[in-house]
Amino acid sequence: MAIKSLLLLLTITLLFSSSSAHNITRILSKHPKFSIFNSLLSSTNLAKKINHRHSITVLAVSNDSIGGLIGLSPNIQRRILSVHVILDYFDREKLQNLKSHSTIVPTLFQTSGIAKGRTGFLNITKLANGQIAFSSAASGAHHVAKLVGQIAA
Ligand SMILES: *[C@@H]1O[C@H](CO)[C@@H](O)[C@H](O)[C@H]1NC(C)=O
Ligand SMILES: *[C@@H]1O[C@H](CO)[C@@H](O)[C@H](O)[C@H]1NC(C)=O
Ligand SMILES: *[C@@H]1O[C@H](CO)[C@@H](O)[C@H](O)[C@H]1NC(C)=O
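So this is what it looks like as structure tokens:
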């Protein structure tokens, strides 16, 4: 399965951002509708990596949007989920105040050593209607996820 086509097949994202010590497992456990995403972060060992980083933004995917990931190999799950972890701090306010039309940011997938082209980067765009959209920065990527809210910052 081509990685490019798998990136961001998940449509609904919620934001968790932190610039200090945090435990992503504990934070998400307070939000039952992210229970599958949360357990996948643990089973793929990404939770540990997230907790070790200081400035981080996690695009959490709710249970009802994460179905496409279930049944995939842990390796593929890990790749897809690591694209949902931005290596910088973006809370809602910072996103809304983005100056340029679009911003390219690195994700945890970029640190894996296997990201080809720009598949390890996300394109964050503030749309004309003020909505925040996330898409893969890889060329040919069309799938766009919209920010629906913020869990914690
Ligand atoms: C993070 O929180 C989870 C759930 O509360 C807990 O099981 C785990 O031990 C915590 N991890 C760390 C590193 O504190
Ligand atoms: C998915 O989230 C809902 C809440 O939106 C929760 O009630 C349910 O238990 C979760 N499903 C699973 C399989 O964890
Ligand atoms: C980022 O996405 C927006 C909207 O989807 C697009 O217009 C823009 O060209 C993209 N920027 C880059 C550098 O890929």
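Note that the sequence shown covers residues 467 to 619 in this note's numbering.
Don't be surprised by glycine CBs; every beta carbon is placed ideally from N, CA and C.
Would you check whether ligand 1 has a heavy atom nearer than 7 Å to the C-beta of residue i?
i	result
arginine 492	yes
serine 505	no
Whose CA, out of the options, lies closest to the CA of residue i?
i	options	result
histidine 520	Ser508, Ser539, Ser495, Asp554	Asp554
serine 422	Ser548, Ala513, Gln562	No answer is possible for residue 422: it lies beyond the span of the chain, which begins at 467 and ends at 619.
alanine 604	Glu559, Leu564, Asn563, Asn589	Asn589
The beta strand (DSSP E) with residue i in it runs from where to where?
i	result
asparagine 589	587-592
Which partner residues does residue i have in the DSSP bridge list?
i	result
proline 572	Phe587
threonine 491	DSSP lists no partner for threonine 491.
serine 601	Asn589, Val610
Cβ-heavy atom distance between residue i and ligand 3 below 7 Å?
i	result
valine 610	yes
List the endpoints of the continuous alpha helix (DSSP H) containing residue i.
i	result
phenylalanine 503	501-509
isoleucine 532	Isoleucine 532 -> no alpha helix (DSSP H), and no H or E assigned at all.
Report yes if the C-beta distance between residue i and residue j is below 8 Å; otherwise report no.
i	j	result
glycine 586	phenylalanine 575	yes
proline 540	threonine 510	yes
phenylalanine 482	alanine 611	no
Between residue i and chain B, is there a C-beta pair that is closer than 8 Å?
i	result
serine 548	Looking for chain B here will not work: only one protein chain is present.
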